[in-house]
Structure formats: structure tokens, C-alpha cells
Amino acid sequence: MAVKLPSETALFISRQRSISTGLGDISNPGLLLNVPGEETSLDQLIPSPPSIGAVIDGNPLAYGRLLHAHLLKTTVDLHYAETHLVQMYCKCSCLEDACAVFRSFHIHLVVPAWNSIIKLQVKKGKSNCALQFYDQMLTEGFIPTSFTYTPLISACTSQFSLSEGCRLHARVNATELRADVVVGTALVVMYGKFGSLDRMRFMFDTMPFRDALCWTALISAYVHHGKSKIALEAFFLMERENVSPIKVTFITILSACSSKEFLSAGKELHAYIKRSGVESDINIANALLSMYGRCGSVESARLVFDSMQEWNLISWNAIITVYAQNEKGAEALCIAYHMQQSILPDDITLVSMLDACASLGALSDGMRIHACISTSRLEGNPTLGNAIINMYGKCNKPEKAVEVFDAMKEHDAVTWNTLISVFTNQENGGKALQLFYHMQQEGFMPNRITFVSAFSACAGQRALFIGKRIHALIANNSIAQDVVLGTAILNMYGKSHMLSFACQIFNLMPVKNVVCWTAMISAYAQNEKIKEAVSLFHSIEMKQDVVLWNSMLAAFSQNQLANSSLILFEQMLQEGIAPNRATFVSSLDACTSEVILKDGKHFHSRIRGASFEQDTIVENSLIAMYGRCGSLDVACELFGQLQKRNLFAWSSMIAAYAQRGLGKEALGVFTQMQQEGIVPDEITFVNVLSACSHAGLVHEGCEQFTSMQDDYGITPTIDHYNCMIDLLGRSGQLDEIERLIINMKVPPTAISWLTFLSACRNNKDVRRGVWAAESLFKVDPNDATPYILLSSLYAAVGRLNDATDVILRMNCKGLRCETIDPGDVHPTLYPLLGLKQIHGDVFLC
1 MAVKLPSETA LFISRQRSIS TGLGDISNPG LLLNVPGEET SLDQLIPSPP
51 SIGAVIDGNP LAYGRLLHAH LLKTTVDLHY AETHLVQMYC KCSCLEDACA
101 VFRSFHIHLV VPAWNSIIKL QVKKGKSNCA LQFYDQMLTE GFIPTSFTYT
151 PLISACTSQF SLSEGCRLHA RVNATELRAD VVVGTALVVM YGKFGSLDRM
201 RFMFDTMPFR DALCWTALIS AYVHHGKSKI ALEAFFLMER ENVSPIKVTF
251 ITILSACSSK EFLSAGKELH AYIKRSGVES DINIANALLS MYGRCGSVES
301 ARLVFDSMQE WNLISWNAII TVYAQNEKGA EALCIAYHMQ QSILPDDITL
351 VSMLDACASL GALSDGMRIH ACISTSRLEG NPTLGNAIIN MYGKCNKPEK
401 AVEVFDAMKE HDAVTWNTLI SVFTNQENGG KALQLFYHMQ QEGFMPNRIT
451 FVSAFSACAG QRALFIGKRI HALIANNSIA QDVVLGTAIL NMYGKSHMLS
501 FACQIFNLMP VKNVVCWTAM ISAYAQNEKI KEAVSLFHSI EMKQDVVLWN
551 SMLAAFSQNQ LANSSLILFE QMLQEGIAPN RATFVSSLDA CTSEVILKDG
601 KHFHSRIRGA SFEQDTIVEN SLIAMYGRCG SLDVACELFG QLQKRNLFAW
651 SSMIAAYAQR GLGKEALGVF TQMQQEGIVP DEITFVNVLS ACSHAGLVHE
701 GCEQFTSMQD DYGITPTIDH YNCMIDLLGR SGQLDEIERL IINMKVPPTA
751 ISWLTFLSAC RNNKDVRRGV WAAESLFKVD PNDATPYILL SSLYAAVGRL
801 NDATDVILRM NCKGLRCETI DPGDVHPTLY PLLGLKQIHG DVFLC
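Numbering follows UniProt numbering, with no gaps: position 176 of the sequence shown is 176.
Pasting the structure below:
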């Protein structure tokens, strides 16, 4: 017998059915109830319960509740609709109402209702409740389906442990679902996210059927864990098994090509995409853009961009990032400004633009971009704030970076790390270490990046005792096994001349990569152990990476072994290793005097052959090399040929004139540089002050030292102070040097005191000379030079007994000076120093 409904309820249900198929008007819900009275059969209106489910897909929760309320007012037994009511509330994300219906009718419910509740509980982060429902479901005799297990397995990676995931896997294996591709894919994803790659692969290999989504899940896991080569192998295995990739597969595998070594694989994937006919898909095209950018092929990325039928914001951001990440900041900014003619930039665009400004040192552009970012936008996105801090740091404006940091209401770990790295890069390790401790006081735990910056700061400050304490903090931690962190610790000990510790760290590292090997080579070079560096280099079996060769060339450069650099360079070419920019820069840096100018010219000819002559950085290195080697005319010629003269080129020319003692000419170049709008940096002023010192231009040097601080806001570094000590010392202004040292913003180094001591000896100032010498004994107790100079000072003023005592004190400490200028020593002291005079010539015995 057909059940009769009141006319208004019948029409309401009918209207809801029409709405679910795109018919009817819900703009006035009251019309649904205002209907003339007649009786309608429920069987006619709701031939099947899924009609209720259809309502929920296109209508708000309010109408679903209204429908539920009207059904409750009828005399109808709702057991036929209870599952669909639960599903309706679940699809509307209304867990409370769904559970209420479930509890009222669960005796009649079927598996889909259980699944809907479990899925929504997982979505709402209530996975423990979902597990309880699952256990209750089993207790009441319901058989779970793939839709039961999939959300529970997915929840394991975010809310449960791997052991819970394994328990669910065991339950699945006890059912026919062990062959289900959906459940199997969920398990592959779960094991992948936990990093259990062996279990993941076993799960994958034992599946009887694997679709494109399953293959994509496998590939994605390998990519996520940095296993790019295995990911590529899996992709091509998928092809051999005749499983057609879907779009998301292509996007995922393209992300595996993450560096230059994968460029050929990336091009092979691009060709495959062309054959598959999906190259025109904008998402795949964007992925290709990013892939070529990561692989350093700007030209290929530009070809993809230019061939695209349309560009969205993601496309523009991708091409801007390509240029910004590949040292083409100017082009990145041009594209970004062009984009804004039709599309407004988003936060990603602004971050890329700021990164481009950072790489260029383009302070004015960076400040304009900063000015366009509203305070509210900055507060809502710490990534933007971090990019601004980084930009100011790279543009040598650490004080502006601090201002932005202080203005941000919220800091995350990245913000702290960015600011710490600003001061580390500025070689202000003291400030970097202050921030390192302040970060922890604010409740942020240091991560790998923080520790790397901290160790770098310790190396720069020679704060080995602090570095050892930080090392002790992580020595028993799993983070200590990290190759990047281990390399940072190795670098710290190497730069601090604790070579035995550096070797110990290197030998204990379980995995060694190219960066680690190069760091150890550098450590040997920094400690003048060039034979050990060469031995280590030759012990590396696979030397196909140009970075390794460059590290050895840099080692020769640090030790001024130009001829060895040349031999290694030729060997590198014979091995088929293509030199890059860093190769030529390191090789040219080894050429430091007129004696080896011929080697520099040989490298120059090789640069022409390798088509690097138009590379700005290589051009600048050539100018610097010819300047150091005394070929000022060639340096000037190359400088004149530059299409665009950057700060490094100008600084190199100033240094070239300074080295020849041509102070006025150096100042002339400096003035011309300023007139062309180039803003000097710290290095420029070191060269300017050095030029003034060598030429005896005391007044001009003092003016530039003041201008550096007042006009350009540059805080003097130890190099600036040492130049000023030398400048004032040459003119005998020892009282000015004393005031300068007392008021220095950084601690004096051994060079500072040694320069001052030499000036005191030349001017026979015993009081200040003793102060300088005693300070030197503390800073560098193993150097014999200050003893010789102090003894010479005493002898110069007739205090031979004191001069003798100083030499005896040196001998008692077992110190010996390998090279002694006889003019620095009184003849009566020759026997104490092992000197012998024969026919007017003095020899070191």
C-alpha cells in the first residue's frame, strides 16, 4: 500500500529533486512550503533513496536540514533513507549531525554510512574516533571495503604511527582487498611518506595490478626523498610495462630533475611528453619551465615559455624564477615588470623579484618592491618578510634587515635562519651567534640550516670554543649524521686551523658527497697541507664532477701555485671535464705576481677558446689578474672593452692602481665610478684605503674612511681598520693609531698589532711598541715575528739588555723565525738568533 504524504512535504521533496539536477529556484525557500493541498505518493516522489543523496551535491546544508526536518514530521519510517541522510551530512562536513543520525538509526545502517563517518572524522583530524568506529564496525559484523581502509591508511602519515599503518595493512592482507589497487596505492603512499621505501617497494611489487595513479604514488615518494635516479628508473619501467602516464605523473617525474646532472633526462622526458600529445597542457608546460630552470637550461625554459599558447600567473612566476635562480636577475626583473602590464603579481612573484634583487645587489629595486608591499600583506606571509630580509642582507644593508625583522609580528624558524645568515655572510659572526642564542630563548629549536650558519659564524670569528660547545650539543643526535651539517663542522675546524679535528669529522662521516670531499680539500689547503690535498684528490675514484676539480684549483690558488693550477687545468681538459666559470676564476686567482704572468696569459687564451670571454665574472677576474701581475695596460684595455662595468670591475681597477702605488690614479677611478652611479661597498673602500696608504695620501685616506661611514653607512671591518693603521703608521701618527685601536668596533687581529708594532719600531716609540707586542703575544703566541720587532725597537733606542731579554724569552718558548731581515736585528744579537756574518753578508745558520 502506497504511503500518502501531506501535499507540502511532497512538493518540497519534488522541488529538491529538481534542484539537484539544475532545475527549480531556491532563491525563495518559502515557496517550497506554500502549496495547495493534495495528496501525493511517496513511492512516486522518491523511487529510490539516492535521490536524497543527489540533493546534497548542489545545495547548502540548510536545505538538507530542512528536508530532514520535513521527513521527520511525516509518518514515514525513515530506515530506507538513514544511510543517505548520514552521507548528506558527511558531504556537507557536518560531523555532529551525521553522528546524531548515525546513533539514532545505526542498527539499520549499511557499510557506506560507516565509511562516510570514518572519512569525515579523518578529514576533521579525529582519526582516533575513526579508528574506534572502524573497530565497532568490525565488532558489529560489518565487512570493511576499500573506502573504509583508504582514509584510515591516509591518516596514518599525519596522525598515527607507522606501526598503526602496519596493523591496518595486516588486516587488509587477511581479506580479498589485498589485491585492491585503491587500497594498495594508499599503502604505497603511506610507506613512502614514512620514508619506509623498502616496504613501499615490496608492497608495490607484490600488487597484481598497478594503474597510473599507483605508479605516480611510487614515483612521488622517490622524488620526495631525493631519490631522483630511482624515480626516473621507475617512470621508464612504467613505460615498458605499457602503463600510460597521466598528467600528474608527468608533473611529478619532471620534479625529479632537480639539478644540472638531470638535464639530459629532463630533455628525454620532454620528448616523451611531446609524443604523448600533452605538451600544450598549461600545468605540464609550467612543470617543464621549472624543470629546465632547476637544471640550469635557461634557453630551453625560454623556448617552452615562448611556445605556450597561454600563460597564467604560475607560468610567469616559473619563468621569473628560472632567470632569478640562474644568476640572471636583471632579466628576471624585466620579465616581472612586463608581466604586470596584464597580470597582478602575487606573493610568489614578489619573492622571486626580491631574490633577483638580492642576486644583483640591486638595492633601489629591492626597496621599491618593499615599498609596494603593504604591512598587512607582510604580516600575513612570513615568506615575503624572509625574502625582504635576505634582499637587504645581500645588498649589504644588515641594519635594514634587522628593521624588517623587528617589524614582523611573527617569526618562524626560516625568519631566524635568514637573519642569522645575513650576519654570517657579512662576516659578523658575533652578531650571528647572538641571534643563534636569542632564537632559542624565543622558543625556536635550531635546525640543520641554523647549525650550519652557527658553525660558519664560529669559523669566521675564530670562536672555536663556542663551535665546540655547539658541536657537543648535536654530537649524540641523529642530526650529527647529516652530511651537510658534518661538512659545516669540518669547514669550521679547517678554518680554525684544527686540521686533526677536521680529519676526524671527515673520517666519521658515513656518507660523503662532492661537497664533503671539496671541503676536506679546502681544509688541507687552508692549513698549507697542499700535498695532503693533492693525495686526497687523487684518491677519489669518480672525479667526473667539475666541482671537485675546481676545489683543487682553488687549493693551488690559495697557496699561490699557479704552475700547479695550469698543470691540473690541462689534466682536467684531457679527462674530458668541461671547465666552467668557477674553474677559470680559481685558475686566474692563482696568478698573483709578474713572475707568473705567462700562466695568466695561458689561462686567458683558454678562456677565449671556451667562449667565456664575454662572461662578466670571468672578465672581471681577468682584469684583477692582470692588475695583480703588474700588466696595468692590459687591465685598462680589458676594462675599457667592458660593455657593462659592475662594482667588481671598478674595484679591480682601483686595486690594480693601488698595487702599483698610483694612489691618485686609483682615487680618480673611484671618483669616476661614483659619477656613473655605482655605489661602493666594503671591498671597494678597502682598495681605496690601500691605495691611499701605499701612496702616502694620509689626508685623502682619512676623508674616505669618514665618507665610508657617514655617506654610505658602511660599518668598518677589520680590513678597513688595518688599512688605516698602516696609513697612519707610515706618516708616524702613532697617537691617532692608539685612539683608533681603542675605539675599534671589532677586536684587533694579529695583523693589526703587527702593523702597529712595525710603526712603533720605525718611530722608536717604546711604550706603544711594548703594548702592541704584548697584545700580539696573546693573539698569536706561536709567532716569533713580534719578538724580533720588539727586540729591534729596544736596540734602536739603545736598550740592548732589554733587546737581549726579548730574544732569550723567544728562545725559551722554542720559537724560531725562518726568515729574518738583518736590518731588524742588532749585530750583537746575531748569535742568539743563529745568524752569522761573513764578509758583510748575514746568513741564517
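Heads up, the beta-carbon is just placed ideally off N, CA and C, and yes, glycines get one too. Because the structure is a prediction, the values reported are computed rather than measured.
According to DSSP, simplified to helix, strand and coil, what is residue i?
i: C372; result: helix
i: C156; result: helix
i: P579; result: coil
i: H411; result: coil
i: H604; result: helix
i: S496; result: coil
i: P781; result: coil
i: I343; result: coil
i: Q675; result: helix
i: Y524; result: helix
i: S244; result: coil
i: G467; result: helix
i: H225; result: coil
i: residue 869; result: Shown here, the chain extends from 1 to 845; a query on residue 869 therefore has no answer.
i: A81; result: coil
i: Q641; result: helix
i: N326; result: coil
i: L697; result: coil
i: I143; result: coil
Is it buried or exposed for residue i, if we count other Cβ within 10 angstroms and need 16 for buried?
i: L33; result: The pLDDT assigned to L33 is 31, lower than 50, so where the model puts this residue is not dependable, and the model offers no usable value.
i: C619; result: According to the sequence shown, residue 619 is Glu rather than Cys. Per the 10 Å Cβ criterion, buried.
i: P50; result: Model confidence at P50 stands at a pLDDT of 45, short of 50, so the residue's coordinates are unreliable; what they give is reported in the following sentence. By the 10 Å Cβ count, P50 comes out exposed.
i: K400; result: buried
i: P144; result: buried
i: Y222; result: buried
i: P786; result: buried
i: P716; result: buried
i: K394; result: buried
i: A649; result: buried
i: E703; result: exposed
i: P579; result: buried
i: I742; result: exposed
i: V304; result: buried
i: Y657; result: buried
i: D25; result: Its pLDDT being 39, under 50, D25 is placed unreliably by the model, and the measurement read from it follows with that caveat. The residue is exposed, with fewer than 16 neighbouring Cβ atoms inside 10 Å.
i: F612; result: buried
i: E96; result: exposed
Are the Cβ atoms of residue i and residue j separated by less than 8 angstroms?
i: G576; j: Q526; result: no
i: I737; j: G729; result: yes
i: A130; j: I118; result: yes
i: V779; j: T804; result: no
i: L433; j: A475; result: no
i: V86; j: S116; result: yes
i: Y149; j: A186; result: yes
i: F685; j: M708; result: yes
i: F451; j: L490; result: no
i: I530; j: L561; result: yes
i: A533; j: A502; result: no
i: N513; j: V483; result: yes
i: L553; j: S587; result: yes
i: C458; j: G429; result: yes
Does the Cβ of residue i lie closer than 7 angstroms to at least one heavy atom of the ligand FMN?
i: L313; result: The ligand FMN is not among the ligands present in this structure, which contains no ligands whatsoever.
Checking contacts by CB at 8 angstroms: is residue i closer than that to chain D?
i: I388; result: In the displayed structure, chain D is absent; only one protein chain is listed.
Would you check if the stretch 592–599 and the stretch 561–572 touch, i.e. whether three or more CB-CB distances between them fall below 8 angstroms?
yes
Taking contact to mean 3 or more Cβ pairs, one atom from each stretch, closer than 8 angstroms, check whether the stretch 661–674 and the stretch 622–629 are in contact.
Segments in contact, no.
Are the stretch 242–262 and the stretch 289–297 touching, with three or more C-beta to C-beta distances below 8 angstroms?
The stretch 289–297 and the stretch 242–262 touch, with three or more beta-carbon pairs separated by less than 8 angstroms.
Contact between the stretch 316–324 and the stretch 343–359 is defined here as three or more beta-carbon pairs at a separation below 8 angstroms; is this criterion met?
yes
Touch check for the stretch 237–257 and the stretch 197–215: three-plus C-beta pairs under 8 angstroms?
yes
Using 8 angstroms as the Cβ pair cut-off and three pairs as the minimum, do the stretch 536–544 and the stretch 516–525 touch?
Of all C-beta pairs linking the stretch 536–544 to the stretch 516–525, three or more are shorter than 8 angstroms, placing the two stretches in contact.
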